[in-house]
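Residue numbers (full-length UniProt numbering): 1 to 88.
Where a beta carbon is used, it is the ideal one built from N, C-alpha and C, also for glycine.
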């Protein structure tokens, strides 16, 4: 596993219905990008040093930005569909 500052660490939920934990990697301690990582968790803004396990994935900043933009586009499409459907 290799990461850079600005990437996201996502730890998959251990059971169905449990949400993933997501945090911004604010520091990579190793010059080759391997763990440990200093992560700021979005749920509570807590900062911790993490040695990720096999249930974790790294999402690049660009991939996260693309996913966020796609989600915004879906939300706008739904809002547009609702607004169009309810016009008199």
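Whole-angstrom distance between residue j and residue i, CA atom to CA atom
i: residue 22; j: residue 43; result: 8 Å
i: residue 72; j: residue 78; result: 10 Å
i: residue 70; j: residue 80; result: 15 Å
i: residue 66; j: residue 60; result: 10 Å
i: residue 24; j: residue 82; result: 34 Å
i: residue 6; j: residue 20; result: 18 Å
8 Å Cβ cutoff met for residue i and residue j
i: residue 58; j: residue 39; result: no
i: residue 31; j: residue 51; result: no
i: residue 12; j: residue 55; result: yes
is_contact[residue i, chain C] using C-beta, thresh 8 Å
i: residue 83; result: No chain C appears in the structure shown, which is made up of a single protein chain.
Counterpart residues of residue i in DSSP-defined beta bridges
i: residue 48; result: 39
i: residue 21; result: 11
i: residue 69; result: Paired residues: none, contrary to the question.
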